[in-house]
Structures are given as structure tokens and as C-alpha cells.
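Chains as they are written, first to last, in this note's numbering: chain A, 1 to 386; chain B, 1001 to 1380. Quick notes on the structure that follows.
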Amino acid sequence: MVNTTTITPEPPAELPGLPGRLGDLGARTRVLAGLLAKVRGAGGLVLIAALAALPLYYGITDLVNGYQAGVVAGRPVIHHDLSKLGFNFAEGLSDGAIWALIAIGYTLVYGIIELINFAHGDVFMIGSFTAVGLWGPLGLGLSTSALGVAGGLFVTLLVTMAVTGSLNAGIERVAYRPLRNAPKLAPLITAVGFSFILQNVGLLWRGGSPQSVADLIGAQHKVFTIGGVPILRGYLLAFAVMVPLVIALTWFIGSTRAGKAMRATAQDPEAARLMGINVDSTVSLTFALGGALAGAGGLVYAVYETNVWYFQGFQAGLMAFTAAVMGGIGNVRGAVLGGLIIGVIQSLSDSRIGPEWTEAVVFGYLIAIMVLRPKGLLGEQTREAG
Amino acid sequence: MTALLPAWWSRVLAAALVVFGVLLPFGFGTASGFMNATIIALAFAVMSLGLNIVVGVAGLLDLGYVAFYAIGAYAVGWFGSEFFSRVNVHVLVSPVVSELPGIHLSFLLILVAAAAICAAAGVVIGLPTLRLRGDYIAIVTLAFGEIIGVVAVNGQSISLGGGMTLTAGNLGISAVDEPYIPGIGSFGLLDLRPWYWLIFAILLVALFVNLRIRDSRLGRAWVALREDEVAAVSMGIPLVRTKLLAYAMGAAFGGMSGAFLGTYYTEVNAGQFQFGFSIFILAMVIIGGLGSIWGAVTGGLLLGYINNWLIPDVLNNLPSAFGFSFQLTQVEFGIFGFLLVITMVLRPQGLLPERRRRQELTAAIPAEDSQLSTGPEDAA
């Protein structure tokens, strides 16, 4: 579809066949639509202001009013500094590293076949389950030595990535490829269908309630402190997995033959096919890469949060999708940036507003992005965007 | 269908279906499980008709339809129970209920209120999606649906003053008034037939409205926007108004059905309003045939029966017969997901496809050079 924004703003004044009341409704909605268009003109700035609002507001209230840092001898200890905010950021950024790993999968797939892969979050969940399931056979437990844990986790990481990569590519083969030429709604619906199927597989695999798993690395242990903010092992793990994978992926897409094929297919599948690129296997490769990253995210999630749940993929998927849209869909750097931002928003909301509202806060931001800057912070890289 | 049979046939068929529908309850026990399933299936069919307007006819993928179920049900919770106990309003209610504190409106008024509130909510949800592409519409509606779900669960902590809160969260607003017809009496849960006739009447109204709109200027405008937005707008179809009317109409039916279900379940519990429900209704529309009115009704009834009768009452212990230790109700969403995938891959047009969409899906018009007229020799 062509970008319609240039054509649609002014519908004709009145349809002769409709009664006057409906005509009035039209006039009012036109005013509203005009307002929306004006807001969107400055959308990027408004969005950045909206994103900065939460940390700024809580930073200033911490400094001015102080916050309760603990209780000593029955009296609350009030601090006036930014370390609580720093703690929110540290926690949020490491959560965000997991969302970033998932968001890349959304963004790659959308970039290449313009499909929101709703089942992606559940592939992440299956990744967590696979990783946890591997610990037993590998003999990983609380008594394993540090070196053993490191080696075991590395093997788990590779196997999990292989499993979720193949799973994602398999789903593409079964549920999306037959619908490549169908209306866009069709693969989206099979994606939703697969999301439910995977959730129920997870439900039967590990039951309906969250299960805690062995805290292999002591995820909550403090490693060092920066400016009053404790840096935990879990944080380091999240970044130790995310950063090399993102670098490797960027290199793969930018410098290898297969990566070039991915970029070409994303730009124009027909032309790519004419140039001798096997479009089907390139799409499969894209799904496999996205799935593998989601699997890595699943492992990190299981080790860091020390619990797994069949429903974790649904929420994580929505967080990650919001991240991908926020960064600019189709844009790998954008997905990472968006993931980190969403992580921080989530952490701020968890600690200041209340975890039960976090979902609503994140979705509120999602709607704000859609209204203010649908192409995301770093700009979308899709065929429709040109 | 109409081409094969004489023109009066469809009228006879419709009349026969209505008579069959009205007489159906006499064949079953007044409070049997099958009656219960039938009532819920009919309510789902009304929702399916509503969502069909948005997704099927107007082509706007709405993944947050549960929002209207929630709002409709809360209309009952707010205006037909003791929930707002500090306020005393009674309009056309039974003598028993008129003694109780709270807002108590006649069920028909609540039905109208639910439809109106949902239509307004539909417009609010629709506004940010006006300029967005298809998938993004799906995401924004999903986000709204989830936000309304979160507000419903956490509504206990939103104070409206005087000790009253917005919702009762997972505790649920219970003891919702039963519908009351002056001179006849209130509906009871021992005799389900009045409930059946009520929802059957609502379904008939919804069907009538849908059939009339389909052939109206508005209905054709929706289809035109779905098929080609740019072409439709250049032909003078007002994009904003047409799309918003689709959202409002679709939402209104969801609200009416939600209000009915809220009353029928005698409780409005925030736990009901999950994302899965949106997909469940969407599955009805898709399995029935996107854009097809009879398809939406069929899909709604079919999945309604599968969900409320076949899975829990008939097949629930099937897995244990094969040595598995789970019940079929646990994986019902997996089953619906599977049905969605199978339908899309094997029969993307659905069970009773709309004529236009069937052509689109099965006989894809090849946009090739052979179609372009190159000269007089083409005519030969």
C-alpha cells in the first residue's frame, strides 16, 4: 500500500446520501484528525519529551523530597540522591538487554516479509524452557563449580539457540510460507494461532504456574558498585550475552554474502530473486537468526529471573514488539535502543508506579509512539518507508 | 446460492430459521447444559457479527475486541447492581430491586447505554489508528485492549470518591440485577428459556442491522476502503468518518453482547477480559469467513458450542483416555490457535465466504501482460 498520509487529510465536505447528524460527526472528526496531524508534525520531539518525562520527574522528586532508603533503629532513612534512579536504570537496562534480543527477531522478520511474528515471544519462552530442561542432563546445579557453570551455560546457549532457531524457521515453513501471496492478514492470523499453540505446549510442558529454577550464577550477587548503584551478576550476564550477539549479527548482516542477500530481499524480493538470490532460504535464514537470538534471550531470562512460566513469552513479546516499533521497525540498532528504553520504562514503572500498572504504562507509550512517530526513533527500514 | 434457487427461497429459509430458533428451547431441559451453551454461543455470535464489521467488512484488524466485552459487562456492573452503593437511581426495575441501594436501570436501558459507551470507546480507540497501516492498527487495538484489561483488574485502586471504586477487580461485581419485564417478572437461573429468547432477539436485531448496512452506502464504502484505500478516498469516500463508524458499530455490538453476558453470568469479573478472548472472537470471524455475515454467525455458534459444550462437557476427558494427564479445557486456546492455522492454510476464505473475498483468495487475478490489451487481435 502506498503511504496514504498525503492523500487522506481532507475528505470531501458532505456525502449527499448520509443524514446531517453523521455529517456533523465527520466535521468534528476532521478537526480532531487535523489536531493529530499537527501534533505529529512535532512528533519526534514530543515523543522524546514523553520518554524523558518519567526519569526526570522521579529524579527531581528523589532529590527534592528524598526517598526512604531503609529503616535504621525504627526510623526511616531518607536519602536525597540519584542512586535509586541509578538502580532503576541498571535494572531496566539489563532487562532491556533481554527485550533487545527478542526485539531484533521482530524487526528482522518485519523487515524482510512485513509480518508481525506474533509467535516470536513464545519462541523466546520455549527457549527458556529448553535451556532449563538442558541443565539437568548437563548436570548443572547449585553445587556445580564456577567453571562448570560457565561451560555448561555456554553449551546450553548454543543448543538453545539452535533449537529456537530451527523452531522459528520451521514455523515459517509451515504457517507463513504457504501464505506468502495471500492478503497480509492471513499470515498475521496464523502467527497468532501459533502463538497460542506454543503457549499450550509450554503449559503442558511445565504446568500453569511460574516455576522457580536453580539460581546457577547467584544472579542477585553484587559484583561492584558504581556511584551507589550495585551492579549484580545478572546484569553483567545480560550484557555479556547481548553485546557480542548484536555485534556478531551486525557483522553478519553487513559483511557476509548471506547478510547481503537478506538486505537485498528486504529491499525488493522480486529483484533479489532476479539477481539469483534464493528468497525462500533467505527468509528461512532470517527466521532462524531471529529465533536463535530469542533463544539466547530465553536463557538469559531463565538464569537472571530464576523462574520460567508458559505465559512469560506473551508479555515479553509485547514488550519486545513495542521496543522494535519504538526504535523503528526493520532497524536492528533501533531494536536494541528500543529494548533498552522499554526496559528502563518498565523498571521505573515497576518500582515507582506499581508492577500491576507496568503493562498499561508500556502500552500507553506504544500508542504514543504510534500517534506521534510511527516510524520510530531511528526511522523504519522497510519497503513501504522507501 | 441465490442463483440456484428462486428469489422467495431465501425469505422462506430465513422465516424457517427464525421459527426453529424460537421453538428450539422446548426441545431441551429448561436449565440443561446444552441450553446454557446455546445461550453463550448466541452471545458470541453477536460479538462475532460486531467484529466482522471491523475486521471482515472494513478490513481493520482489531486485536483488542475484548475491550468492548469488558465495557459492556461493566455497564451492567455499574448501572445494574449495588456496586455504586452511595448513589440511588432506579429506572423501571422490579419492586425487589427498587428497594436496593445503587444504580439500577432497566436491562434494555443498560443495553442501549452499553452500546453507546462502547461506540464512543470504539471511536477513541479508532482515532490513533486512522493513518496507520494494517499491522500497526492491530498493535494499537491490542494495546488498548490490554490497557482496558489492566484497568479492569486494578480498578479497585482507582477511587471515585465516597469509598466507591471504578471496578471490583478480580473479586468481581456480583449480584447483578436480572432482567425484568414489567407485568411478567424477572428472569431466573432455573429457567433459561427467557434468557435464550432475549439473546436470540438481540442476535436477530444484530443480523438485521448487519444485512441492511451491508447493502447500504456505508457498507459499500467500508468494502471500498478495505479493498483499496487510496482509490476509495479519491472516489470521495470520507476516510475518517467511514473508518470511525466501522469501529463504533463493531464496538456497539460487542458492548450489547458483553452487557448480556455480564447479566447472564450474574458477575462482572476482571479476570474474564484477557487477550485470548479477542483472539477467540477473531477466530470465529475468520473460521466463518471474513466479511461474511452468515459466516460470522456460523463461526460464532460453532466456536461457542466447541468452547462451552464440546470441550468441557463432551471431550474433556479425551486426553486421559489416551493416557495423558491433562484435560482438554486446559489447552482450549491451543485448539483455537490450531483451528486458526489450519483454516488459514487450507481454507483461507472460511466456511461460508463472502463472494467478493472468495474471488480474491481463490481466483487471484493475474496482473500479467496477457491481460493488457495490445490491439485488435486480442478480440479474436
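No residue lacks a Cβ here, since even glycine has one placed at the ideal position from N, Cα and C.
Cβ pair residue i, residue j closer than 7 Å
| i | j | result |
| --- | --- | --- |
| F1187(B) | A1067(B) | no |
| G343(A) | G96(A) | yes |
| W1195(B) | Y1264(B) | yes |
| A1119(B) | A1246(B) | no |
| V123(A) | G291(A) | yes |
| R1086(B) | M1164(B) | yes |
| E1082(B) | F363(A) | no |
| E1229(B) | S1292(B) | no |
| A119(A) | M1344(B) | no |
| G1126(B) | V1285(B) | no |
| F314(A) | G165(A) | no |
| T265(A) | A271(A) | no |
| V163(A) | T130(A) | yes |
Beta-carbon contacts of residue i that lie in its chain and below 6 Å, excluding the five residues immediately before and after
| i | result |
| --- | --- |
| S128(A) | G298, Y301, A302 and V308 |
| G339(A) | G96, W99, A100, A103 and A323 |
| A1115(B) | A1252, G1255 and M1256 |
| E91(A) | S347 |
| F1044(B) | G1300 and G1304 |
| L1049(B) | A1206, N1210, F1253 and A1296 |
| M1047(B) | G1254, S1257 and I1281 |
| N1317(B) | none |
Listed by chain order, chain B residues near residue i by CB distance under 8 Å
| i | result |
| --- | --- |
| T190(A) | L1340, V1341, M1344 and V1345 |
| L203(A) | Q1330, V1331 and G1334 |
| I116(A) | D1135, A1138 and I1139 |
| F321(A) | I1139 |
Where residue i meets chain B, residues with beta-carbon distance less than 7 Å
| i | result |
| --- | --- |
| N200(A) | V1331, F1333 and G1334 |
| P374(A) | L1132 and Y1136 |
| P178(A) | V1345 |
Chain-ordered neighbours of residue i on chain A, where CB pairs are closer than 8 Å
| i | result |
| --- | --- |
| P1128(B) | L36, I367, M370 and V371 |
| V1140(B) | L366, I367 and M370 |
| L1061(B) | L185 and L188 |
| E1146(B) | L318, E359, A360 and F363 |
| F1326(B) | L204 |
Residue-level contact to chain C via CB, residue i, 7 Å cutoff
| i | result |
| --- | --- |
| F196(A) | Given the protein chain composition of this structure (A and B), no chain C is represented. |
Amino acids of chain B, ordered along the chain, whose beta-carbon sits closer than 9 Å to that of residue i
| i | result |
| --- | --- |
| E356(A) | V1150, V1153, N1154 and S1157 |
| A175(A) | V1341, M1344 and V1345 |
CA nearest to the CA of residue i, picked from the options
| i | options | result |
| --- | --- | --- |
| I388(A) | L232(A), H80(A) and K184(A) | Beyond the ends of chain A as shown, which are 1 and 386, falls residue 388(A); an answer cannot be given. |
| S281(A) | T61(A), I113(A) and G43(A) | I113(A) |
| L153(A) | V283(A), L198(A), V371(A) and P137(A) | P137(A) |
| I1039(B) | G1050(B), G1295(B) and V1022(B) | V1022(B) |
| Q1349(B) | A1283(B), G1323(B), I1306(B) and V1314(B) | A1283(B) |
| A1296(B) | S1320(B), M1249(B) and N1210(B) | N1210(B) |
| F311(A) | G276(A), T156(A) and L198(A) | L198(A) |
| V283(A) | L204(A), G139(A) and P178(A) | P178(A) |
| P1101(B) | L1109(B), W1078(B), F1107(B) and V1123(B) | W1078(B) |
| V192(A) | V325(A), L377(A), G317(A) and V31(A) | G317(A) |
| I277(A) | V213(A), A50(A), R263(A) and V132(A) | R263(A) |
Spatial neighbours of residue i in its chain, beta-carbon cut-off 8 Å, leaving aside the 5 residues before and after
| i | result |
| --- | --- |
| L245(A) | L101, L293 and A296 |
| L1142(B) | L1063, G1064, F1275 and S1278 |
| A1231(B) | A1224 |
DSSP-derived helix/strand/coil call for residue i
| i | result |
| --- | --- |
| M1235(B) | coil |
| F224(A) | strand |
| G70(A) | strand |
| N1088(B) | strand |
| E1267(B) | strand |
| N307(A) | strand |
| I277(A) | coil |
| P1006(B) | coil |
| Q315(A) | helix |
| T322(A) | helix |
| P244(A) | helix |
| V77(A) | strand |
| G1145(B) | helix |
| G298(A) | helix |
Residues near residue i by beta carbon distance below 7 Å, same chain, minus five either side
| i | result |
| --- | --- |
| G227(A) | S83 and G86 |
| E380(A) | G328, I329, G330 and N331 |
| A238(A) | S94, A97, I98, V300 and Y304 |
Partners in chain A for residue i, counting only beta-carbon separations shorter than 7 Å
| i | result |
| --- | --- |
| P1348(B) | A182 and A186 |
| A1143(B) | F363, L366 and I367 |
| I1287(B) | Result: empty, since nearest Cβ-Cβ is about 10 Å, beyond 7 Å. |
Closer than 9 Å at the beta carbon, the chain A residues around residue i
| i | result |
| --- | --- |
| I1053(B) | Per Cβ cutoff of 9 Å: no residues; I1053(B) is ~15 Å from chain A at best. |
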